[in-house]
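Numbering (the working numbering), first residue to last: 41 to 384.
Below is one structure; the comments refer to it alone.
Okay, here's the thing in structure tokens:
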């Protein structure tokens, strides 16, 4: 079968088409014919060797996978060939204390597809049944692939870690990102909060408003802190992935007793923080990564109800050059929503 794999760390030219044996499903597994796989910035960082651990090459990227059941292994009776499915973007051991409590994203052996283990830039993938979810009817494979990792991250950060309330005002950084575009929808359509968000280009402003944002700040033209203080006073909660670039202003934009939920540090992790604003104003800094696999059931219900809609920026073919172009597109920053590779 065809696969597009990393053969080293580096620029997009390390992505090469290779031939691999078609896998067979083992006991309790499902063989999925991949129809679409969405990119995340994690694909870029893994390709560049920036994730803090090493890989054996060739290594296959891709966390967000949608496809069709090709074959089921012994013991799988509730799925059949032809069923349309979406995969959970990460695995866990299933037996530790955290997994047993349902907090599988806190498992010491948590493994994200495409980062820690091989992912979805392949024609076929065999995976345990527990990581396979039925695709919502009416969604294309491209749209379905645009949901899992970003929605889990947004849901966990806003609902579980941030405890966002309908009476609160939230600042969501980067509405054009995969997580940000879904976070705006969850904050507005699911919680009912007042939503401020940021973009880095004028053409993204209208798109962010269309998602449900009440105020959109182009941070390249407007000062985030000045806008918030002038128009809103301060915010109750901030959802941030930017890291060092904005953290000082975000802390100062947060109300007394407010909280900042961080799920990344794309501009750098070596940040300077004035601790007086943390302890004196009792601002909470909360870390968040991905989310509980079980929350995917809730996310798919929200999608089915129309509360969350996938945001797809562009689609590229499953060829060596197509995958490279998809990486270039995401790296450019000129995207709103997800970049997806289609096998159809």
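Note that the Cβ used here is the ideal one computed from N, Cα and C, for glycine as well.
Nothing here was measured: the structure is a model prediction, and the numbers come from that model.
Closest by C-alpha distance to residue i, when choosing among the options
i: residue 192; options: 272, 162, 80; result: 80
i: residue 300; options: 347, 276, 226, 113; result: 276
i: residue 62; options: 360, 43, 337, 123; result: 43
i: residue 320; options: 295, 196, 123; result: 295
i: residue 171; options: 69, 371, 56, 366; result: 69
i: residue 291; options: 260, 317, 200, 84; result: 317
i: residue 289; options: 312, 297, 271; result: 312
i: residue 144; options: 371, 346, 329, 372; result: 329
i: residue 139; options: 351, 106, 333; result: 333
i: residue 373; options: 125, 50, 56, 84; result: 84
i: residue 331; options: 196, 161, 127, 107; result: 196
i: residue 220; options: 302, 128, 366, 175; result: 302
Beta-carbon gap between residue i and residue j smaller than 7 Å
i: residue 71; j: residue 166; result: yes
i: residue 210; j: residue 233; result: yes
i: residue 308; j: residue 284; result: yes
i: residue 86; j: residue 137; result: no
i: residue 256; j: residue 239; result: yes
i: residue 363; j: residue 380; result: no
i: residue 102; j: residue 77; result: yes
i: residue 249; j: residue 293; result: no
Sequence-distant residues of its chain with Cβ nearer than 8 Å to residue i (five each side left out)
i: residue 348; result: 187, 191, 222, 225, 226, 229, 230, 339, 342
i: residue 151; result: 130, 131, 132, 157
i: residue 368; result: 52
For residue j and residue i, the rounded distance between their alpha carbons
i: residue 89; j: residue 306; result: 14 Å
i: residue 116; j: residue 177; result: 22 Å
i: residue 253; j: residue 237; result: 7 Å
i: residue 183; j: residue 213; result: 23 Å
i: residue 244; j: residue 258; result: 9 Å
i: residue 122; j: residue 181; result: 13 Å
i: residue 60; j: residue 100; result: 11 Å
i: residue 281; j: residue 73; result: 33 Å
i: residue 96; j: residue 48; result: 9 Å
i: residue 204; j: residue 198; result: 6 Å
i: residue 353; j: residue 65; result: 33 Å
i: residue 336; j: residue 218; result: 16 Å
i: residue 54; j: residue 383; result: 20 Å
i: residue 270; j: residue 263; result: 11 Å
i: residue 153; j: residue 92; result: 16 Å
i: residue 94; j: residue 310; result: 22 Å
Residues near residue i in its chain [Cβ-Cβ closer than 6 Å; skip 5 each side]
i: residue 247; result: 376
i: residue 58; result: 43, 45, 98
i: residue 260; result: 240
i: residue 325; result: 300
i: residue 146; result: 138
i: residue 159; result: 100, 101, 102, 103, 153
Min CB distance residue i to chain E below 7 Å
i: residue 202; result: This model lacks chain E altogether, as it is built from one protein chain only.
Contacting residues, own chain, Cβ-Cβ under 7 Å from residue i (five flanking each side not counted)
i: residue 206; result: 231, 232, 233
Counting only runs that start and end within the stretch 208-284, where is the alpha helix (DSSP H) found for 4 or more residues in a row?
Segments of the alpha helix (DSSP H) lying fully in the stretch 208-284: 218-225, 245-251, 264-271.
Complete runs of the beta strand (DSSP E) confined to the stretch 140-204 [at least 3 residues]
Runs found: 164-168, 172-174.
Going along the chain, which unbroken runs of the beta strand (DSSP E) with 3 or more residues stay wholly within the stretch 278-358?
Taking 3 residues as the shortest admissible run, the stretch 278-358 contains the following complete beta strand (DSSP E) segments, listed from N- to C-terminal end: 294-302, 324-327, 352-357.
Enumerated in chain order, which unbroken segments of the alpha helix (DSSP H) with a length of 4 residues or greater are wholly contained in the stretch 68-96?
Every alpha helix (DSSP H) of 4 residues or more that sits fully in the stretch 68-96 is shown, in chain order, as 81-88.
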